[in-house]
Amino acid sequence: MIVCLAANPSVDRLFEVERLVKGDIHRPASFVQVAGGKGLNVARAAASLGADVHAVSLLRGHSGRWLREALSAGGVPGEFVWTHGESRSSLSVADRETAALTEFYEHGEVAPRSAWVELTHATVSRVEPGGWLTISGSMPRGAPDEGYRDLIAEVRALGVHVALDAEGVRLSEALPEGPDVVKVNVAEASGLLGVPTARREDSLLAASKIRAMAGGDGHAGIVTRGAEGVMLAAPDGSLYEGILYVRGRYPVGSGDAFLAGLVTALDRGNAWEEALRLALGAGAANAEMPGAARLDPDRARALAAQADIRLL
């Protein structure tokens with residue numbers, strides 16, 4: 001089973017306009033709203049791919065109730081910790097004329113320390129030995145910087161595999177506890193290592209360094225490069241480059257769909273090359289459909305078969 005932690009979920013909205021003009025009134029040509037934030041994106045995408053998924057999330061107010069209902073309607077079971085205020089929202093505006101995407105993300109309200117403690121307990125009670133825990137995205141303001149670190153230590157002691165997608169101090173704090181998989185994008189990798197990572201060679205070196213920081217043998221470092229593919233330093237030290245020559249108009253959530261595809265395949269016992277294929281297929285399928293982490297599983301598998309995976 002895959003447990004997906006969503007510590008700071010969001011009601012994610014996507015507007016499409018013909019042309020975005022600063023200062024104008026716009027009437028969207030289309031509108032999509034999903035239960036989002038990185039953790040819930042991973043849960044929904046993995047469920048679409050047929051994984052046995054359970055979400056654990058911190059919810060608030062009317063928005064939180066909508067998130068719970070949307071997950072239930074999408075067939076994603078969950079365990080929820082409730083606190084004061086309202087769950088945050090995020091807005092993406094897609095400009096059809098330029099294919100540009102403008103994004104607005106709320107921070108969310110401060111959460112009491114007790115809510116984080118309760119969320120941690122809920123997560124630990126749900127994971128299973130041999131299963132996976134995905135930890136994705138930001139933590140609510142008020143949560144301890146070491147929160148992800150302590151959670152990883154606790155669940156790994158129970159025999160649970162961990163996939164981490166975080167940034168900043170929460171990422172650097174968590175790495176010494178040895179998450180099995182660390183997935184970051186080039187900007188997050190650069191922030192962690194303090195060096196440029198945009199070039200192909202730099203991304204590959206960054207993936208290897210992140211693998212070493214997570215514990216080396218038995219751990220994987222992944223640096224995603226958007227439309228330019230991904231670099232993987234696998235648990236056995238092998239280095240892979242993966243790319244899929246398909247471009248979609250809606251990239252929001254593609255990194256989360258990538259992680260969902262990867263962990264879904266690993267949870268099924270697939271080899272790393274096959275896991276990387278499904279990850280790339282899921283990310284590309286997401287980009288073809290409006291709304292974060294919405295994908296056609298058949299299309300994801302078809303795209304996975306087209307992925308170019310190279311052992312370096």
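In terms of our numbering, the sequence shown opens at residue 1 and continues consecutively. Backbone N, C-alpha and C define an ideal beta-carbon position, used for all residues, glycine too. Please read these numbers as outputs of a predicted model, since none were measured by experiment.
Proximity of L262 and A279 at Cβ, strictly below 7 Å: yes
Best match in E16, M213 and R44 for proximity to R68 [C-alpha to C-alpha]: R44
Inter-residue Cα distance where the pair is P28 and D217: 50 Å
Where N185 sits in the DSSP three-state scheme: strand
Neighbourhood of G191 by C-beta, 7 Å cutoff - its chain only, sequence neighbours within 5 removed: E167 and G168
Beta-bridge partners of D165, as assigned by DSSP: S136
Three-state secondary structure (DSSP) of L244: coil
Residues bridged to S92 (per DSSP): L14 and E103
Among E79, I2, I210 and L193, the one whose alpha carbon lies nearest that of D52: I2
DSSP-derived helix/strand/coil call for T224: strand
Sufficient close CB pairs (3 or more, under 8 Å) joining the segment 178–192 to the segment 209–227: yes
Given S57 as reference, the closest of L49, G50, G137 and V93 once Cα atoms are compared: G137
C-beta contact flag for G291 and L14 at 7 Å: yes
DSSP beta-bridge partners of I2: V53 and W132
Sequence-distant residues of the same chain with beta carbon closer than 6 Å to I135, five excluded per side: L5, Y148 and L164
Residue range of the unbroken alpha helix (DSSP H) whose run includes G261: S254 to D267
Span of the beta strand (DSSP E), counted from its first residue to its last, around M289: First-last for M289: undefined, no H or E at that position.
Three-pair Cβ contact test at 8 Å for the segment 73–80 versus the segment 30–49: yes
First and last residue of the uninterrupted beta strand (DSSP E) at A29: Run containing A29: none; DSSP gives neither H nor E here.
Element boundaries [beta strand (DSSP E), containing L119]: L119 -> not in any beta strand (DSSP E); alpha helix (DSSP H) instead, spanning R113 to R126.
D150, enclosing alpha helix (DSSP H) - first and last residue: G147 to R156
CB contact flag (S89, S208, <7 Å): no
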